[in-house]
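Presented below is the structure to which this report refers.
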Amino acid sequence: MFIYLNGQSSRCPTAIASGQHTFLVASVAGSSSDSVREGGIHSYSLSSEGEVCLERLHHSDPLVLSFASSASDQVVSGGKVYMYSGNRKEGQPRYQVLVHDLADPSALRSLVGNTHIPHVIGSDGTKQRTSSMVHAWLGLSHTISLGDGVILLNGLTSSSPKPRTYLYDTEHNAFTRDLRDTPSYKTHALVCGRVHAFASNGAHFTYTVKGGWVSEGMLPDGVQPVSRAEAFGRLILLFKWNSHREYIHVYDTISGDCIKLVDSPRCDKEFVSITRVVRVGHRILKLDVGFLQPGQHRDTPQGERLDGFEGRVGYMYTLNPALLYPSEEMGWGRVLEWDKSRRDGRGE
């Protein structure tokens, strides 16, 4: 199913599932040099038939712009959406955590944290108190909710070329640094409390608080480069963008099998896709933002003509929970259905 999401954006929008059948999209229009920048947070709900309803929660203000323009992921923990943002102020590292309370859509607040880190995790996996560790803000960080009010963040810092891993305590607004080595990766998914991370070259890593980061080897040839990953039960859908076409593989975290399901229709050469993927119930929503060459245009389903920059569009995949595991009769081919109007759902 194809849907056109409200509005345009100068960058890839952020999207996150906020409930079983709802998701949020935050975006900002205009570059950092523009005198006027517009941002907004929209809530979308899906009916059982796949119909989309829209509600705008926030208009432009400094917090909304920060929330919408951050390169970091957003996560839901304890009924609230958390987003990490790091920068420098007067030469000193500074971070803030933006919090959006789903129970009170009008509330959007900022938590400015102390740069002192009270705890670290050592090489043996134990948590220890420290008085000398200082927070180094992360740029382009990955953000993952591990449950029990703990959020994992990792990415490059302002002071080191190597990625770092932090654990954020939502109750106390405090960080713990994991001193064990952190790999670089492109995307991630959470399966049964274990983080699965995938690098562009196909390297696969897992993380738990107890065991730290562990290399799981390489994905099979033809799967990389992986652009996005999304978990469904023990399975992970891996999205690969190559030669103006998107390919989708399913990876079984128990057996290690990785099998191609379907590929999307070929895109025009001039249209470059940037993807966000979010799971909403038994559906996977894929958001695309594209750039067009000067003088070119695209027409939306509503008859609107866009020049230069493409607005947000979405494709909705339907996951069939009854066909999530391999069997002699059905195989893997009907795990995911791509646009029923053009495909029969067998992945052929």
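Residue numbering for the sequence shown follows the working numbering, starting at 284 and increasing by one per position.
Built from N, CA and C at the ideal position, the CB exists for glycine as well.
Small disclaimer: the values here were computed from a predicted structure and weren't measured.
Return the CA-CA distance between residue i and residue j, expressed in angstroms with no decimal places.
i	j	result
residue 471	residue 480	4 Å
residue 424	residue 436	6 Å
residue 514	residue 412	34 Å
residue 492	residue 498	15 Å
residue 451	residue 392	17 Å
residue 305	residue 567	12 Å
residue 483	residue 468	7 Å
residue 455	residue 516	31 Å
residue 415	residue 443	17 Å
residue 490	residue 328	32 Å
residue 324	residue 356	15 Å
residue 389	residue 347	11 Å
residue 433	residue 404	14 Å
residue 410	residue 387	35 Å
residue 431	residue 473	14 Å
residue 449	residue 366	14 Å
residue 368	residue 445	19 Å
residue 438	residue 496	14 Å
Roughly how far, in whole angstroms, is the beta-carbon of residue i from the beta-carbon of residue j, given that I think they are within contact range, below 8 Å?
i	j	result
residue 564	residue 303	5 Å
residue 532	residue 518	Their Cβ separation, rounded to whole angstroms, is 10 Å, which puts residue 532 and residue 518 out of contact at 8 Å.
Do residue j and residue i come within 8 Å of each other at the CB atom, strictly closer than that value?
i	j	result
residue 521	residue 509	yes
residue 364	residue 394	no
residue 506	residue 541	yes
residue 382	residue 427	no
residue 406	residue 463	yes
residue 562	residue 300	yes
residue 361	residue 465	no
residue 512	residue 501	no
residue 523	residue 534	no
residue 421	residue 447	yes
residue 398	residue 417	yes
residue 307	residue 326	yes
residue 401	residue 457	yes
residue 298	residue 559	yes
residue 539	residue 408	no
Quick one: grab the DSSP three-state call for residue i.
i	result
residue 316	Low confidence applies here, because residue 316 scores a pLDDT of 49, under 50, leaving its location unreliable and the question unanswered by this model.
residue 506	coil
residue 347	helix
residue 469	coil
residue 535	strand
residue 357	strand
residue 301	coil
residue 454	coil
residue 474	strand
residue 416	coil
residue 384	strand
residue 462	coil
residue 325	strand
residue 552	Reliability of the predicted coordinates at residue 552 is poor, the pLDDT of 42 falling under 50, and no value is obtained from them.
residue 565	coil
residue 482	coil
residue 617	Per-residue confidence for residue 617 stands at a pLDDT of 43, beneath the threshold of 50, marking its modelled position as unreliable; the derived number appears in the next sentence. In the structure shown, residue 617 sits in coil (DSSP, three-state: anything other than H, G, I, E or B).
residue 495	strand
residue 500	strand
residue 410	strand
residue 389	coil
residue 516	coil
Which residues does DSSP pair with residue i in a beta bridge?
i	result
residue 422	439
residue 400	Answer is none; residue 400 lacks a bridge partner.
residue 544	The partner list for residue 544 (beta bridge, DSSP) is empty, contrary to what the question assumes.
residue 307	299, 326
residue 511	522
residue 529	524
residue 363	360, 384
residue 394	380
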